[in-house]
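K.L.:
UniProt numbering numbers the first residue of the sequence shown as 1 and each following residue consecutively.
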Amino acid sequence: MTTFSPLREPAAVPTPPTGWPIGVYGSYAEAQRAVEYLAGHDFPVEDVTIVGVEPMVVERVTARLTWKRVLAGGAASGAWSGLFLGLLLGLFSNRPLVALMSAGLVTGVFVGLASAAVGYAVVRGQRDFATTTQLVARRYDVLCEPRHAERGRDLLAELAVAGPPRPGEQGHLEANAAGGDRGLRPSLP
């Protein structure tokens, strides 16, 4: 259920992006660098949108799971949770804080060990590895409202000629004195 409030703007309904493509990049970092370059040249970046095209879910395997690794992770997670719970109880109790935190730590370790062991035993043999999941796109289009698209394309063409950022370069982007046509290349439609 939605509640109307005169002090809040209504939530935006998801809509497809609009605008003309002024650059196409292989990574989000490159597209972000392009927008930073535009911003550094007084370009109205509020008219710019970065669109991830052809999204895909990438699951990267980070480690092989063993009983030792699973139980160590469960104990560590439980220890932190127990310490936090002991600290919270200590704020509202007349008992010594150290005693409550110690009890929370010990209890947390045992609960963490037990929950990790049960969880791993259930999936043992089906999934013996840990992963991280990322949502990435095959390419990133930089779109701009038509009234500024030509200027945006021209600026991004300058960026392509300037080349990649030098090591340690941050913030405002300057043209590489060596020139060349390495680095980011916007695709000009």
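Ideal Cβ positions, reconstructed from N, Cα and C, are used throughout, including at glycine. Bear in mind the structure is a predicted one, so any value in this text is a computation, not a measurement.
If you drop the 5 nearest sequence neighbours on each side, which residues of the same chain put their C-beta closer than 7 Å to that of MET101?
P.N.:
Within the sequence shown, the letter at position 101 stands for residue 101. Closer than 7 Å at the Cβ level, and outside the excluded window around MET101, lie LEU83, GLY86, LEU87 and GLY90.
K.L.:
Apart from the five residues just before and just after TRP67, which ones in its own chain have a Cβ nearer than 6 Å to its Cβ?
P.N.:
Position 67 of the sequence shown holds residue 67. Contacts found: none.
K.L.:
I need the boundaries of the beta strand (DSSP E) containing PHE129, first residue and last residue.
P.N.:
Taking the first residue of the sequence shown as position 1, residue 129 is located at position 129. Looking at the DSSP string, the run of the beta strand (DSSP E) that includes PHE129 is 129-144.
K.L.:
Should LEU71 and ALA116 be called a contact, given that it needs their Cβ atoms to be closer than 8 Å?
P.N.:
Position 71 of the sequence shown holds residue 71. Position 116 of the sequence shown holds residue 116. Cβ atoms of LEU71 and ALA116: closer than 8 Å.
K.L.:
Helix or strand or just coil, what does DSSP make of ALA157?
P.N.:
On the sequence shown, residue 157 is found 157 positions in, with the first residue counted as 1. Helix, per DSSP.
K.L.:
Between the C-alpha atoms of SER93 and GLY74, what's the straight-line distance to the nearest angstrom?
P.N.:
Here residue 93 is taken as the residue at index 93 of the sequence shown, counted from 1. Here residue 74 is taken as the residue at index 74 of the sequence shown, counted from 1. Taking the straight line joining both Cα atoms gives about 28 Å.
K.L.:
Hey, out of ARG69, ASP128 and GLY78, whose CA is closest to VAL109's CA?
P.N.:
As a position in the sequence shown, residue 109 is number 109, starting the count at 1. Among ARG69, ASP128 and GLY78, the Cα nearest to that of VAL109 is on GLY78.
K.L.:
My output table needs one value for ALA12: the three-state DSSP class, helix, strand or coil.
P.N.:
Along the sequence shown, one-based indexing puts residue 12 at 12. If DSSP states are grouped into helix, strand and coil, ALA12 belongs with coil.
K.L.:
Looking only at its own chain, which residues have a Cβ that is under 7 Å from the Cβ of VAL35, when we skip the five neighbours before and after it?
P.N.:
Counting from one through the sequence shown, the residue named residue 35 turns up at place 35. Taken in chain order, the residues that qualify are VAL45, VAL48, ILE50 and VAL142.
K.L.:
Note down, in chain order, each residue of its chain lying with its Cβ closer than 7 Å to the Cβ of PRO16, except the 5 sequence neighbours on either side.
P.N.:
The residue labelled residue 16 in the question sits at position 16 within the sequence shown. Answer for PRO16: no residue qualifies.
K.L.:
Cα-Cα, which of ALA39, GLY26, VAL13 and PRO14 is closest to CYS144?
P.N.:
Numbered from 1 along the sequence shown, position 144 holds the residue referred to as residue 144. Looking at the Cα atoms, ALA39 is the closest of the given residues.
K.L.:
Go ahead and pull the three-state DSSP assignment for GLY183.
P.N.:
Within the sequence shown, residue 183 is the residue found at index 183, counting from 1. Note on GLY183: pLDDT 42, under 50, position unreliable in the model; the coordinate value appears next. In the structure shown, GLY183 sits in coil (DSSP, three-state: anything other than H, G, I, E or B).
K.L.:
Please state the DSSP three-state secondary structure of ARG60.
P.N.:
The residue you call residue 60 lines up with position 60 of the sequence shown. Three-state DSSP puts ARG60 in a strand.
K.L.:
Near VAL53, which residues of its chain fall below 8 Å by C-beta distance, leaving aside the five closest residues on each side in sequence?
P.N.:
As a working note, residue 53 is residue 53 in the sequence shown. These residues qualify, in order along the chain: ALA137, ARG138, ARG139, TYR140 and ASP141.
K.L.:
Pull up the distance between the alpha-carbon of residue 192 and that of GLU158, whole angstroms please.
P.N.:
The structure shown does not extend to residue 192, since the chain spans only 1 to 189, so no value can be given for it.
K.L.:
Considering just the uninterrupted stretch of the alpha helix (DSSP H) at GLY73, what are its terminal residues?
P.N.:
Stepping through the sequence shown from its first residue, residue 73 is reached at position 73. Unbroken alpha helix (DSSP H) run through GLY73: 67-91.
K.L.:
DSSP has PRO55 in a bridge; who is on the other side?
P.N.:
Mapped onto the sequence shown, residue 55 falls at position 55. Paired residues: ALA137.
K.L.:
With H, G and I counted as helix, E and B as strand and the rest as coil, what does DSSP make of GLY26?
P.N.:
Reading the sequence shown from its first residue, position 26 is the one you call residue 26. Correct three-state label for GLY26: coil.
K.L.:
Spatial neighbours of VAL57 within its chain, please: CB distance less than 7 Å, with the 5 preceding and 5 following residues excluded, ordered by chain position.
P.N.:
Start at 1 with the first residue of the sequence shown, and residue 57 comes out as number 57. Here the set comprises THR133 and LEU135.
K.L.:
Tell me VAL48's beta-bridge partners as DSSP assigns them.
P.N.:
One-based indexing of the sequence shown puts residue 48 at position 48. VAL48 pairs with CYS144.
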